[in-house]
Amino acid sequence: MRRKIMTLALSAVLLAGLGILASQAIKGAPGTSLAGYETAPVEKGEIVATVNATGSIAPRSRAVLAFSVTGRIAEISVAIGDRVQAGQKLAAIDAREMQQAVVQAEALLRASQARLEELRRGPSADEVNAARASVASAQEYLNLLRAGASSREVEIARLRWEQAKDELWKAQSYRDATCGNPQISEAAKDQSRAAVAAAEMAAEIARLQYEQVKEGPGATDIRAAEAQLAEAQANLARLTSGPSAQEIRAAQAQVDQNLAALEQARLRLEGTTLTAPFDGVVVEVNGHVGELVSVTTPVITLADLGAYHIDVEIDEASIGQVQVGQEAQITLDAFPDKLLRGRVSRIAPAGTLSQGVVNYGVTVDLEPTDVPVKADMTASVNIIVARKTNVLLVPNRAVRRDR
Numbered sequence: 078m079r080r081k082i083m084t085l086a087l088s089a090v091l092l093a094g095l096g097i098l099a100s101q102a103i104k105g106a107p108g109t110s111l112a113g114y115e116t117a118p119v120e121k122g123e124i125v126a127t128v129n130a131t132g133s134i135a136p137r138s139r140a141v142l143a144f145s146v147t148g149r150i151a152e153i154s155v156a157i158g159d160r161v162q163a164g165q166k167l168a169a170i171d172a173r174e175m176q177q178a179v180v181q182a183e184a185l186l187r188a189s190q191a192r193l194e195e196l197r198r199g200p201s202a203d204e205v206n207a208a209r210a211s212v213a214s215a216q217e218y219l220n221l222l223r224a225g226a227s228s229r230e231v232e233i234a235r236l237r238w239e240q241a242k243d244e245l246w247k248a249q250s251y252r253d254a255t256c257g258n259p260q261i262s263e264a265a266k267d268q269s270r271a272a273v274a275a276a277e278m279a280a281e282i283a284r285l286q287y288e289q290v291k292e293g294p295g296a297t298d299i300r301a302a303e304a305q306l307a308e309a310q311a312n313l314a315r316l317t318s319g320p321s322a323q324e325i326r327a328a329q330a331q332v333d334q335n336l337a338a339l340e341q342a343r344l345r346l347e348g349t350t351l352t353a354p355f356d357g358v359v360v361e362v363n364g365h366v367g368e369l370v371s372v373t374t375p376v377i378t379l380a381d382l383g384a385y386h387i388d389v390e391i392d393e394a395s396i397g398q399v400q401v402g403q404e405a406q407i408t409l410d411a412f413p414d415k416l417l418r419g420r421v422s423r424i425a426p427a428g429t430l431s432q433g434v435v436n437y438g439v440t441v442d443l444e445p446t447d448v449p450v451k452a453d454m455t456a457s458v459n460i461i462v463a464r465k466t467n468v469l470l471v472p473n474r475a476v477r478r479d480r
């Protein structure tokens with residue numbers, strides 16, 4: 078309480094003294110000395126309190142770009158100072174290997190999808206009929222071996238072989254016509270290939286039958302014929318019973334795996350090209366055509382020079398006075414006679430400890446100006462934390478504090 082009373086008393090004396098000085102100033106010119114005192118006119122104006130800090134000019138956005146895959150630079154499309162638009166191509170590395178990987182992945186995916194579709198669709202009538210014919214032919218051949226053959230049977234076997242070859246030729250001709258027609262579906266092409274495979278098997282069986290009939294059967298021949306019959310019967314059973322749920326799941330898993338591999342291959346291909354993430358100016362270019370770069374090699378630095386901000390550190394003793402939206406007065410070492418303005422746009426929620434002092438990051442957005450501001454210029458920032466208007470002003474030299 079005593080300190081408060083003394084302060085009020087001193088203030089009263091100061092105001093009284095100012096009144097006397099003011100009355101004396103009426104009689105003399107401003108700045109003259111009366112009875113050993115210097116006088117000054119009493120004025121009203123504005124006074125502000127500021128929190129001061131130093132930082133560097135930074136662009137609104139800045140990106141250091143590197144390729145996402147390792148490779149050799151094939152193209153650099155920009156130079157320092159070039160203005161670019163978002164999505165514009167900046168540089169590229171040799172992509173031939175990645176392109177081939179995409180082609181291979183697409184082929185594997187198509188094959189697995191065709192296999193899955195084939196399983197879901199089930200066998201065609203032609204495939205089932207061909208399988209049944211193979212069983213009948215194998216059974217007949219086995220019967221012939223077991224019974225032995227007459228000259229008439231030898232001739233019959235030869236004619237069947239000729240007939241089987243004719244059927245094979247027809248199936249091959251149909252397959253060639255089908256596969257060579259781009260308007261035919263893949264399913265139809267697959268069926269024609271399957272028919273050729275069945276006809277080839279039937280022709281081979283007929284040939285073997287003819288050879289065996291001519292030469293006469295042996296124990297080994299009979300066992301081989303029995304094995305062929307068993308294989309033909311198993312193939313027919315597989316076709317007529319349809320795929321199992323496990324086969325469908327396995328085929329679907331293969332499709333999913335190949336699809337993931339294709340997506341990965343496409344991502345790697347996309348990674349061979351650098352594009353601008355935003356509108357800006359190229360401020361740095363590293364590397365040259367032919368240079369081998371890795372995913373950690375910065376190649377191009379892009380900055381958005383349409384707006385700037387300043388990041389400063391405010392100690393914990395002053396941070397409580399700073400609020401978002403407060404005006405700031407800014408001077409640059411490069412242009413000391415120019416006053417720039419800005420506003421506080423962000424205050425860090427947590428501080429950092431440096432040399433025993435807790436500091437908080439504060440961002441001040443620079444308002445548009447005609448001053449040719451450049452990134453990394455040193456800036457002195459005065460954040461206005463309090464403002465008083467229409468107050469009495471006296472020169473600082475007129476205020477004396479007794480200690």
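According to the working numbering, the sequence shown holds residues 78 to 480 in order.
Glycine included, each C-beta is placed from N, C-alpha and C at the ideal position.
Bear in mind that the values here come from a model prediction, so they are computed numbers and not experimental data.
Assign residue i to buried or exposed, taking buried as 16 or more other Cβ atoms, counted over all protein chains shown, within 10 Å of its Cβ.
i    : result
W246 : exposed
A401 : The residue asked about is misnamed: residue 401 is Val in this sequence, not Ala. With fewer than 16 other Cβ atoms within 10 Å, it is exposed.
R237 : buried
G419 : buried
A208 : buried
V90  : Confidence at V90 is low in this model, with a pLDDT of 35, below 50, so the placement of that residue should be treated as unreliable; the coordinate-derived value is given next. Exposed is the call here.
Q403 : buried
K104 : Reliability of the predicted coordinates at K104 is poor, the pLDDT of 47 falling under 50, and no value is obtained from them.
A275 : buried
A463 : exposed
E347 : exposed
L316 : buried
T349 : buried
A184 : exposed
L92  : The predicted position of L92 is uncertain, since its pLDDT is 41 and thus under 50; a value taken from the coordinates is nonetheless stated next. So L92 counts as exposed.
M78  : Residue confidence for M78 is low, a pLDDT of 33 falling below 50, so the modelled location carries little weight; the figure read from the coordinates is stated next. When all chains shown are included, M78 counts as exposed.
L167 : buried
R160 : exposed
P136 : buried
E204 : buried
L470 : exposed
Q305 : buried
Based on the DSSP secondary-structure assignment, which residues constitute the bridge partners of residue i?
i    : result
H365 : DSSP output for H365 lists no bridge partner at all.
S457 : T131, T408
P136 : Y385
N312 : Bridge partners of N312: none, in fact.
I377 : L142, V362
I233 : Partner(s): none; I233 has no beta bridge.
V471 : Paired residues: none, contrary to the question.
G357 : V161
A463 : A126
N436 : D392, T429
T116 : BP columns for T116 are empty, so no partner.
D253 : DSSP, once it has assigned bridges, lists no residue as partnering D253.
K121 : L469
L351 : A168
Thinking C-alpha only, which one of the options is nearest residue i?
i    : options                : result
Y385 : D414, T446, G428, L346 : T446
K291 : L221, T116, R160       : L221
A301 : L219, I261, Q329       : L219
S269 : V450, R420, E244, F355 : E244
V439 : M454, S422, T429       : S422
Q165 : T408, I261, V155, R418 : V155
A169 : V205, R345, N258, E183 : R345
D171 : S321, R149, T352       : R149
K415 : S189, E340, P449       : P449
R424 : R173, S395, A304       : Reading the sequence as shown, one finds Ile at residue 424 and not Arg. For the residues R173, S395, A304, the minimum Cα distance to I424 belongs to S395.
N129 : A427, D388, M175       : D388
V273 : N436, L417, A311, Q249 : Q249
V372 : L351, A380, I391, I153 : L351
D442 : K451, A405, D410       : A405
V468 : Q329, I124, A304, A353 : I124
A151 : V370, T255, G433, R474 : V370
T337 : G132, R187, L285       : A small fix is needed here, since residue 337 is Ala in this sequence, not Thr. Of G132, R187, L285, the residue nearest in Cα terms is R187.
A241 : A210, R229, Q216, G257 : A210
Quick one: is residue i near chain B, going by C-beta distance under 8 Å?
i    : result
V372 : Looking at the structure shown, chain B is missing, and only one protein chain is on hand.
Residue ranges of each beta strand (DSSP E) run of no fewer than 3 residues wholly in the segment 404-430, ordered along the chain? 404-409, 412-424
Between the segment 140-156 and the segment 365-376, do three or more beta carbon pairs fall short of 8 Å? yes
Below 8 Å, how does it come out for the segment 214-230 and the segment 329-349: are there three or more Cβ pairs, yes or no? no
On the three-pair Cβ rule with 8 Å, is the segment 360-372 touching the segment 194-201? no
Taking one C-beta from the segment 176-190 and one from the segment 337-355 each time, how about it: are there three or more such pairs within less than 8 Å? yes
Ordered list of alpha helix (DSSP H) runs contained in the segment 127-210, each at least 4 residues: 173-198
Count the CB pairs spanning the segment 188-196 and the segment 255-267 that are closer than 8 Å, and state whether there are at least three. yes
At 4 residues or longer, and completely inside the segment 276-341: list those alpha helix (DSSP H) runs for me, N to C. 296-318
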